[in-house]
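Chains as they are written, first to last, in this note's numbering: chain A, 1 to 408; chain B, 1001 to 1408; chain C, 2001 to 2408.
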């Protein structure tokens, strides 16, 4: 249970807030690469800030505050040239550093141009996603997490914009036992199937959490299993502050919860599918993007797939879950740990130090690999096949391609 | 004309408000029976409170505060077993009294379970509707109004969610003369027909209102008629506080205006259709539910049927009609009477007494029958046939069945 | 750059505000004539006021405050007879002066009727539009601007409701150089065409603004042109306070920006198309109305036509553009002039004088003609043909008819 002040400290992300300050030490995906052709711009929103991202004809990215300093029109509809992003209204052009380099209708002096600069932010691309950094300079390195770099795999990106705060989604990720009920019993009931038929419904004997360099390793031991099972021995990580690594065997995923503002989260499912050993994966020209639907035509939550159930619980908790009325119990100790970790990192940043997982050493950043179960919940291949049917992945445009590859 | 404070006292329905306290002495439909299969739950909202209603596999109903005390997820997406309603998130299970009886992931002590109780409310089913009672214990009896009990009839339930306060709808029900203009002249103009062709447009010679045990009997005498006509002699009742009885001959209806919150009303049209004397009605497996559409594609009100005209007047008065600017005249004396009655009943409740129509004697509650015109506005069968075309009933899924039955 | 107080003074239009007081000296279109058949009424909103406009069976127009003084129902759904507009609820009838002339259910005294009057406003019709005047009596004359009166032309009316304040749209109309970038380079980029192919993209050598009796004459000299070009010599007018005259050769338009409220503007494109000399125009039974779409299915602005680009800049500036953060430069001197003019006219009205362009002399009002370029941006016929493809006109229901007429 948190007081309203404690809750505000942990949840709110706007400029100048404590958590907004901490979260600004990290990079966040703001678009899929495939959404931003060369020469174009898009409006995006991150951590309560309105932005415009663009890609110039040579492929270089830029990220600027959205409103042109001249008359306030949206740079998100601008045209990107090699000089920079031109405001659609009068063509004032801003380079990737935010400097104004052209005012087509003016006799420009250096001083006039200088007055017209806009705030520029860091933006980079990796693995089919475009990432932004809004924090203090110098920017840390964009983390080269393993899935963004793997070769010889199929990838896709699912996405859903959710009307709730990011933290209640992250708390879900240090709550292993919800799987047993929500994805086991509850989902099976929705599908009209016996819950004993689902590996998700196996009872948790124990759960464990260990801090590691990049976050928290989550572990579970299921009834009939042992500490030598991957579920306990290996586990999978919450990568601080907004990413969860899930999957098993030949499917590996990040779930990235991007805080758009206090009450909006853009949820990304970033997936890698591995071909059978010794077989090549089909070559992808681009990493495709798809929307994950989560409401039906009547506006009710769709709870007939795993992630739909998750979304229902997150969103139904309220725009910002009211933690002054919660009742935490022993199986919620992962949540207690996460809040403590967030609070510690808030303190650390206030002392002027980098928080957890911020990377500034390129050597360390060649590739950052995470441990993840090979056999999950006691299953493997059949687990994957079923996941393609009952998770967000069933909406993927490459679903058939993935299934065909796995069948080989 | 009311002051803003007087208006607030009569209109606002949330917990702790004067009218909210009075209205909590009554039962309200919250769903049609057909909407809640065994084993399932639904989100509902009543008198400003968010709730979850469920039906267990043995058919028993439960009604609980919506948010799970654990982490706040919606119980309205829970699964109902014979033990009670299980939260979709972690399976915490609440019986119909609100007691927590299971926390699947915890070693539960009696004390832990006891801390986890949720507020439970009374819920019962009658005549194809599910009713809720949110008031003080002991709950009065769910009134067994005649239409809910009649045998050998066809039934249906129409419904529309309206963005306005309940009271302006109820005021319409003690305003007999609006029929003459709105449903007579105005509707005929919309239909491109001569208003003299409509029984609705007959001029009111006089109107009368009498308090009775359950509310107000409304009477009218139309031009060319007399006090011996059903319209005056019998009349029809406003059943305090939110129900109107209408119809005639072989069609009988309740219009129930359920206060969802201060600015939302769920309007139910509950209808019974009687077969010709000596003929049986077709057997219905369930009482069907249908939505009554009231806006067109451009967002304009649909005023081409009787109830669409009513809805236009109610909603266009504003979210809460501004009674500081109204101008009541002699034909509005039913409205003055209703406000006085509401005010008197507010006082009565504050003195600790049951308000009008609250029933605690089972003997009295075997069946509560209401008088209603047999011949209405001078017509009977042809009145009914026309009503099936120009009222909400034209959207009923059993419209053809009703017309066929009546033709026999 | 304006302070918040200065900005409020120039932008807000509600009753009692300084700008609302100034703007109430003028007439505004509220509907297209074709939208209001005889005998009917419509809801409209203007300058923050909710109104009902009607046309009686003899074709006479009336304009009243929207809510019936009796019970507050919308007169915008009333029926109009020769006596006046009847409230749909109880038939209280108001003549065009707002006097209540009937209360069908009451024994009416003259005194009772007198108490029931509603505020009436001036309304007139001209050239296929219905105009309203909400200001102080006596009303000035409805200006007989030339395009509303021309004979032997084809006409149409496009319309779009825009979620932004009127002033940022008007500022766009004293900003000639935006044409060069927005309608030249930016639009050509959207269309995938070379910007040098567009007459819009010719560079502005100089711009000029002259006050005249009815507003501001805008002038431009393009690169390669001279002061003897129509663009400079003739120019085109901003007709104070909310109208722009544009077009050239055989197409002539008013763009009228009607302030619905502080954050909503109804944009009208009123067009006249002239046949080739010596040829008759097809006869039109009515002036047709069409909606101009400006958002795509994803909710993004449509910037693939001239006016879609304009709308994107206006709306993306924000509901009320934040002029405390703008940076005006030399090419914005038209905007500075317009704000000064508005401020001067605000003062003039406060001194009890008529503001600019208010007409009270019928002799002067026979027809008010405005100068406008014949050759625009160096082009003429081919300019028109292209405009039919890349402007709002491409959505006109008479587009093919116009093109056929011009081809002759």
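Using N, Cα and C, we set each Cβ at its ideal position, and we do this for glycine too. Predicted model only: the values in this text are computed from it and were never measured.
Measuring only the C-alpha atoms, how far is residue i from residue j?
{"i": "residue 211 of chain A", "j": "residue 217 of chain A", "result": "6 Å"}
{"i": "residue 1053 of chain B", "j": "residue 1062 of chain B", "result": "6 Å"}
{"i": "residue 2161 of chain C", "j": "residue 2267 of chain C", "result": "6 Å"}
{"i": "residue 166 of chain A", "j": "residue 236 of chain A", "result": "20 Å"}
{"i": "residue 1297 of chain B", "j": "residue 1269 of chain B", "result": "23 Å"}
{"i": "residue 1105 of chain B", "j": "residue 405 of chain A", "result": "38 Å"}
{"i": "residue 346 of chain A", "j": "residue 20 of chain A", "result": "10 Å"}
{"i": "residue 200 of chain A", "j": "residue 393 of chain A", "result": "17 Å"}
{"i": "residue 2017 of chain C", "j": "residue 2387 of chain C", "result": "39 Å"}
{"i": "residue 1302 of chain B", "j": "residue 1391 of chain B", "result": "12 Å"}
{"i": "residue 2015 of chain C", "j": "residue 2291 of chain C", "result": "29 Å"}
{"i": "residue 1168 of chain B", "j": "residue 1262 of chain B", "result": "11 Å"}
{"i": "residue 1024 of chain B", "j": "residue 1260 of chain B", "result": "12 Å"}
{"i": "residue 87 of chain A", "j": "residue 2099 of chain C", "result": "54 Å"}
{"i": "residue 1264 of chain B", "j": "residue 1232 of chain B", "result": "33 Å"}
{"i": "residue 1258 of chain B", "j": "residue 1048 of chain B", "result": "11 Å"}
{"i": "residue 280 of chain A", "j": "residue 251 of chain A", "result": "15 Å"}
{"i": "residue 959 of chain B", "j": "residue 1240 of chain B", "result": "What the structure shows of chain B is the stretch from 1001 to 1408, and residue 959 of chain B is not part of that stretch, so it cannot be assessed."}
{"i": "residue 2398 of chain C", "j": "residue 2155 of chain C", "result": "9 Å"}
Strictly by DSSP, which residues pair up with residue i?
{"i": "residue 300 of chain A", "result": "Per DSSP, none; premise fails for residue 300 of chain A."}
{"i": "residue 1267 of chain B", "result": "B:1160, B:1257"}
{"i": "residue 979 of chain B", "result": "The structure shown does not extend to residue 979 of chain B, since chain B is modelled only from 1001 to 1408, so the question has no answer here."}
{"i": "residue 2084 of chain C", "result": "C:2081"}
{"i": "residue 2204 of chain C", "result": "C:2222"}
{"i": "residue 2029 of chain C", "result": "C:2131"}
{"i": "residue 74 of chain A", "result": "A:67"}
{"i": "residue 409 of chain A", "result": "Because chain A in this structure spans residues 1 to 408, residue 409 of chain A falls outside the shown range and cannot be described."}
{"i": "residue 2290 of chain C", "result": "C:2158"}
{"i": "residue 1252 of chain B", "result": "B:1247, B:1272"}
{"i": "residue 1094 of chain B", "result": "B:1085, B:1100"}
For residue i, which of the options has the nearest alpha-carbon?
{"i": "residue 1372 of chain B", "options": "B:1153, B:1304, B:1244", "result": "B:1244"}
{"i": "residue 1341 of chain B", "options": "B:1191, B:1014, B:1213, B:1365", "result": "B:1213"}
{"i": "residue 2043 of chain C", "options": "C:2070, C:2114, C:2132", "result": "C:2132"}
{"i": "residue 57 of chain A", "options": "A:40, A:49, A:69", "result": "A:40"}
{"i": "residue 457 of chain A", "options": "A:292, A:339, A:273, A:326", "result": "In the structure as shown, chain A begins at 1 and stops at 408. Residue 457 of chain A is therefore absent and cannot be evaluated."}
{"i": "residue 2029 of chain C", "options": "C:2004, C:2001, C:2123", "result": "C:2123"}
{"i": "residue 2180 of chain C", "options": "C:2367, C:2055, C:2222", "result": "C:2222"}
{"i": "residue 205 of chain A", "options": "A:224, A:191, A:193, A:195", "result": "A:224"}
{"i": "residue 2248 of chain C", "options": "C:2196, C:2376, C:2090, C:2276", "result": "C:2376"}
{"i": "residue 193 of chain A", "options": "A:312, A:310, A:304", "result": "A:304"}
{"i": "residue 2113 of chain C", "options": "B:1329, B:1026, B:1128", "result": "B:1329"}
Listing by chain order, which chain E residues have their CB less than 7 Å from the CB of residue i?
{"i": "residue 2158 of chain C", "result": "Absent from the structure: chain E. Protein chains present are A, B and C."}
For the ligand GDP, any of its heavy atoms closer than 6 Å to the Cβ of residue i?
{"i": "residue 2401 of chain C", "result": "Ligands in the displayed structure: none, and consequently the ligand GDP is not present."}
Every unbroken beta strand (DSSP E) within the region 213-240 of chain A, with a cutoff of 3 residues, ordered by chain: Annotation note: the region 213-240 of chain A contains the following uninterrupted beta strand (DSSP E) runs of length 3 or greater, listed N- to C-terminal: 215-222, 236-239.
For a minimum of 4 consecutive residues, which ranges assigned as the alpha helix (DSSP H) are wholly contained in the region 2097-2179 of chain C? You should have 2110-2115, 2146-2149, 2166-2172.
Should the region 1077-1091 of chain B be regarded as contacting the region 177-194 of chain A, the criterion being three or more beta carbon pairs within less than 8 Å? The region 1077-1091 of chain B and the region 177-194 of chain A touch, with no fewer than 3 CB-CB distances between them shorter than 8 Å.
Indicate whether the contact test is met: 3 or more Cβ pairs, each with one atom in the region 2056-2074 of chain C and one in the region 1309-1319 of chain B, closer than 8 Å. Contact holds: three or more Cβ-Cβ distances are below 8 Å.
Is the number of C-beta pairs between the region 2361-2375 of chain C and the region 127-146 of chain A that are closer than 8 Å three or more? Between the region 2361-2375 of chain C and the region 127-146 of chain A, the count of C-beta pairs closer than 8 Å stays below three; the two stretches do not touch.
For the region 92-102 of chain A and the region 111-130 of chain A, state whether three or more C-beta atom pairs, one from each stretch, are separated by less than 8 Å. The answer is yes - the region 111-130 of chain A touches the region 92-102 of chain A, with three or more Cβ pairs under 8 Å.
Contained alpha helix (DSSP H) runs [length at least 4] in the region 2324-2375 of chain C, N- to C-terminal order: For secondary structure counted as the alpha helix (DSSP H) over 4 or more consecutive residues, the region 2324-2375 of chain C holds these complete runs in sequence order: 2333-2350.
Quick check: the region 2281-2288 of chain C against the region 2022-2037 of chain C, are at least 3 beta-carbon pairs closer than 8 Å? A contact exists between the region 2022-2037 of chain C and the region 2281-2288 of chain C.
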